[in-house]
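Structure first, then comments.
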Amino acid sequence: MAAAAAASPPGKPRRRLCIAMVCDFFYPQLGGVEMHIWSLGQELLRLGHKVVVITHAYDDRRGVRYMTNGLKVFYVPFAAFWRQVTFPTLFLFLPLFRDICAREGVDVVHAHSIPSNLAGQAALYASTMGLRLVYTDHSLYGFGDLTSVHVNGLLKWALAGADRAIAVSEACAENLCVRSQLPAALVHVIPNAVDTSRFQPDAAKVSPTHVGEGAARVPSVNIVILSRLTERKGIDLLVKVLPELCRRHPNVYIIIGGDGPKRFILEETRENHELHDRVEILGQVDSPDVPRVLARGQIFLNCSLTESFCIAILEAAACGLLPVSTDVGGIPEVLPDDMAILAPPEPEALLDAIGAAIERLPTVDAAEFHERVRRMYSWEKVAAMTEEVYAAAMPAPRRDLADRFLTYLYRVSPGSAFGIVLCFAAALLHLLWRLLEWLHPAEAIDPAPDYAAAFRARPGAGAAARAPILRT
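So the sequence shown is numbered by my numbering: it starts at 2 and just counts up by one.
Right, here's the structure in full:
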């Protein structure tokens, strides 16, 4: 895989770009992809670029909104129909997307996380309109189940015209290359990051700090679990671990934050094994409350069955917790061996790893953990590396329709009639784009004012560059 280059050397002129980040997942949702787009957008604004975000409407959030530091968000009028993903329209989004790109002067379309249908369609439109296309992959997918087959097929089609791609770990990059059939030289590895100003150690741990009663009352070891309560996050594995963990370690207190379809089996396990005084289930934890919950623990437990990166263990380490995690996907790349304990996704192996973590706790220096995470991961570094990917994409030769036809026929769907169907769809998109250009040329569309540039010109704007989300 290609490693992202370092930031431009001093004195080298840097072209100011307009970047359109497109994804179904954005604020007011506050998941990993959403926060990645938000944080990266803020840092790119700080570097002097123009950034707009295109996502679908959320309840009453429609039209154009401005957020912190002048980040402009287009909540386009398409409704989500499944897990906040819009229904694929292929052609209907093109007129609006073209108008946004023309008004904002978009140079680079940066799509995030297919199976987002908005991201997939924007990738197709960018290729049709001759815009530079960069894609960031945030997840690992398999090859055997129906969902993976569908997503991988969409990914190959959408990225047929990609200039560059970004993966959040080496494991993610290998998975992306196989799924999309992109050349490895076009795929850059840029890890996620964490805002260490939010995630800091707290010497005053929140109660409870003891378990047991009377003379048997002893200081507790608090184990924190923050996760979506789904099968993919290993909740079935967790329910096998909990009873034996409480039996082996009477001083352990477990705090579980998150919600999802597997919550009922956690509550059932707590009920069946009478663990109400040992296991606390918080339910959904809002993003601003995550550092406060992490501050209650000494150990962070992650039971995921698949992860491309796992930013949660990074946040935990920044708060001074010792992470214990399943050894899957890109997790081994996140932290050095002395900052985390990994184990195979099996109950006995996880129990042994937690036991080893409890023994290691006296040697853990929370302040040192925080400082090491701060040095290793920051959004400033991520933005600088992403800027270099944009710079590498800009001089790439533009791919005409005939070249894309060959890609569909010989790379995306070789030896299959489906390649002809993809060519036909691409030809229709091209004709629709040409028709729109004839009816209302892009040159005739008035450019939008750049309020973000005006904001940066204000005194003290630099200090606000890393401000929390401004809800508008």
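Yeah, the Cβ is synthetic: ideal placement off N, Cα and C, and Gly gets one too.
Check, Outcome
"Pair within 8 Å by beta-carbon distance, I38 and T387", "no"
"Nearest to C173 (by Cα), restricted to the options R165, L156, S140 and D203", "S140"
"Boundaries of the alpha helix (DSSP H) in which V294 is found, first to last residue", "V291 to L295"
"Reduced DSSP category for L132 - H, G, I as helix; E, B as strand; rest coil", "coil"
"Extent of the continuous beta strand (DSSP E) to which A344 belongs", "I342 to A344"
"Distance between A163 and E35 (C-alpha atoms, nearest Å)", "22 Å"
"Assigned exposure category for T408 - 16 Cβ within 10 Å defines buried", "buried"
"A81 to E369 span [Cα, whole Å]", "43 Å"
"Sub-8 Å separation of L41 and V286 beta-carbons", "no"
"Endpoints, beta strand (DSSP E) assigned at V54", "K51 to H57"
"Whole-Å CB distance - G71 paired with L97, under 8 Å assumed", "Contact flag wrong, Cβ pair sits at about 22 Å."
"Complete runs of the beta strand (DSSP E) confined to the segment 10 to 45 [at least 3 residues]", "19 to 23"
"Neighbourhood of V179 by C-beta distance below 7 Å, restricted to the same chain and skipping five residues each side", "none"
"Classification of S198 by the beta-carbon crowding that lies within 10 angstroms, buried from 16 upward", "exposed"
"N223, enclosing beta strand (DSSP E) - first and last residue", "V222 to L227"
"Span of the alpha helix (DSSP H), counted from its first residue to its last, around S149", "L147 to A159"
"C-beta atoms of I312 and P324 nearer than 8 Å", "no"
"Per DSSP, the bridge partner or partners of R62", "Y59"
"Boundaries (first-last residue) of the alpha helix (DSSP H) holding N273", "R264 to N273"
"Residues near P448 by beta carbon distance below 7 Å, same chain, minus five either side", "R104 and G106"
"Neighbourhood of T231 by C-beta, 7 Å cutoff - its chain only, sequence neighbours within 5 removed", "G261, P262 and K263"
"Exposed unless 16 or more other CB atoms sit within 10 angstroms - verdict on V65", "exposed"
"First through last residue of the beta strand (DSSP E) which encompasses R165", "R165 to A168"
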